[in-house]
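For the protein sequence lines, the chains are A and B, in the order given. Reminder that position 107 of the first sequence reads as 107 in full-length UniProt numbering, one-by-one numbering, no gaps. Reminder that position 64 of the second sequence reads as 64 in full-length UniProt numbering, one-by-one numbering, no gaps. Even glycine gets a Cβ: it sits at the ideal position worked out from N, Cα and C. Everything on this sheet refers to the single structure shown next.
2 protein chains.
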Amino acid sequence: MIDGLPDGLTARHPTVEDHPRVLAVLETWWGGLKGEAGALERALLLPRLYFQHFTTTSYVVEHRDGQLAAFLVGFMSQSEPDTAYVHFVGVDPALHGRGIGQALYGAFFELARAHGRRVVRCVTSPENTASQAFHTRLGFTASMPVDDYDGPGLTRVAFTRVLELA
Amino acid sequence: MIDGLPDGLTARHPTVEDHPRVLAVLETWWGGLKGEAGALERALLLPRLYFQHFTTTSYVVEHRDGQLAAFLVGFMSQSEPDTAYVHFVGVDPALHGRGIGQALYGAFFELARAHGRRVVRCVTSPENTASQAFHTRLGFTASMPVDDYDGPGLTRVAFTRVLELA
């Protein structure tokens, strides 16, 4: 389903049963970034609705034993016909540097192209410098940090990636 | 654009400029339900993406002077072709009892039908008894509260409303 994954890992679209599994790994993988407020922020950014209504444009990656290795939650913009949006991506830090994030984004770019999208957008917090470096390597252009982007105190860096024609 | 609104109020689809305006009224309208944690919860449930990518299935209602009176943020499920989802609705408490919420849901039901949807879903927190009574009056069926529905500690009541054929 996804090209470029390391041996022993497979990808599929998520089901609603994956929602608590993804929330459970978030805290481990994010290493407690921004403490308890960060934990609540991450949980609230992934309500169950994403695992009910946007499953066909999202992925989970698992080991042979079913253990979660990575996920990507994204959707096709409903009001911007040329835009696809990546809402939340996570890769087990023990597996960083093996191209899993790149493979997930690659699969999403293909999906976006198949839906006639020309631009992929996403945001991250300014504290998450690893995420910013990762997106820049993938060809995204970063905005300056925007204060209160997502609400009071919720500063964000916005990323844009134009898709090449297939 | 919407039938059944009181005189002096008009509805339109939101733009990204409405995002901070909606967040600003949330605290007033929700009366500080669940305190600071509730405030953060509400802000995080409405990231800017809803005012960028789901504007065509969402509404804001304004007074003649532009003051916000109500809003509804919803979308057509991307993975469940028969389902439409109402994510967040607010009405100025000073205007409660005048049918504005009902008018917003009525408009969303019409939109959902026009998109071939047969079911509308939404969730609320068990503390929000006014919301539960409102949805029951509108013909929604409530689930029992589901612990950790949206994540650890985030209990929700889930509502379902079957749409009559047009």
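Given a cut-off of 7 Å on the beta-carbon distance, is the pair residue i and residue j in contact?
i	j	result
Thr124(B)	Val157(B)	yes
Ala142(B)	Arg117(B)	no
Arg21(B)	Tyr149(A)	no
Ala11(A)	Val91(A)	no
Val119(B)	Val146(B)	no
Phe108(A)	Gly139(A)	no
Leu23(A)	Ala103(A)	no
In terms of DSSP beta bridges, what is residue i paired with?
i	result
Tyr85(B)	Phe75(B) and Arg121(B)
Gly90(A)	Phe71(A)
Val162(B)	Val119(B)
Val146(A)	Arg156(A)
Glu62(B)	Thr10(B) and Leu68(B)
Thr141(B)	Thr160(B)
Would you decide whether residue i is buried or exposed? Buried here means 16 or more other CB atoms lie within 10 Å of its CB.
i	result
Pro152(A)	exposed
Asp65(B)	exposed
Ala43(A)	buried
His19(A)	buried
Glu164(A)	exposed
Val89(A)	buried
Val86(A)	buried
Ala133(A)	exposed
Glu41(B)	buried
Taking the alpha carbon of residue i as the reference point, which residue from the options has its own alpha carbon closest?
i	options	result
Thr55(A)	Ser77(B), Ala94(B) and Leu154(B)	Ser77(B)
Ile100(A)	Leu72(A), Arg121(A) and Leu163(A)	Leu72(A)
Gly32(B)	Glu127(B), Gly97(B) and Thr155(B)	Glu127(B)
Leu68(B)	Leu26(B), Ser79(B) and Cys122(B)	Leu26(B)
Leu95(B)	Pro14(B), Gly106(B), Tyr105(B) and Ala70(B)	Ala70(B)
Ser79(B)	His63(A), Phe159(A), Ile2(A) and Tyr50(A)	Tyr50(A)
Pro93(A)	Lys34(A), Trp29(A), Gly38(A) and Glu17(A)	Trp29(A)
His13(A)	Gly35(A), Ala39(A), Gly38(A) and His53(A)	His53(A)
Arg121(A)	Gly97(A), Thr160(A) and Ala37(A)	Thr160(A)
Ala112(A)	Met144(A), Thr129(A), Ser58(A) and Asp7(A)	Ser58(A)
Val16(A)	Ala130(A), Gly106(A), Leu46(A) and Leu40(A)	Leu46(A)
Ala115(B)	Met144(B), Asp82(B), Gly35(B) and Thr129(B)	Rather than Ala, the amino acid found at residue 115(B) in this sequence is His. Ranking the options by Cα distance to His115(B), first place goes to Asp82(B).
Ile2(B)	Glu110(B), Gly38(B) and Ala39(B)	Glu110(B)
His63(B)	Leu9(B), Thr155(B), Ser131(B) and Arg98(B)	Leu9(B)
Ala130(B)	Leu154(B), Tyr105(B), Glu36(B) and Gly97(B)	Gly97(B)
Leu154(B)	Gly35(A), Lys34(A), Asp7(A) and Ala39(A)	Ala39(A)
Within 6 Å: the Cβ of residue i and any heavy atom of the ligand SAM?
i	result
His115(A)	Questions concerning the ligand SAM fall outside what the structure shown contains, since it holds no ligand whatsoever.
Verify the CB distance criterion: does residue i have a CB-CB separation below 7 Å to chain C?
i	result
Leu23(B)	Among the chains of the structure shown, chain C does not appear; the protein chains present are A and B.
- Mind listing which residues of the stretch 132-150 of chain B have their C-beta closer than 8 Å to chain A's C-betas, in chain order? Asp148, Tyr149 and Asp150
**OP:** Compile a chain-ordered list of the residues in the stretch 33-48 of chain B whose CB is closer than 8 Å to at least one CB of chain A.
**Re:** Ala37, Leu40, Glu41, Ala43, Leu44, Leu45, Leu46, Pro47 and Arg48
field: Chain-ordered residues of the stretch 53-85 of chain B with a beta carbon less than 8 Å from chain A
entry: His53, Phe54, Thr55, Thr56, Thr57, Phe75, Met76, Ser77, Gln78, Ser79, Glu80, Thr83 and Tyr85
*Check distances from the C-beta atoms of the stretch 86-116 of chain A to those of chain B and list, in chain order, the residues that come in under 9 Å.*
His87
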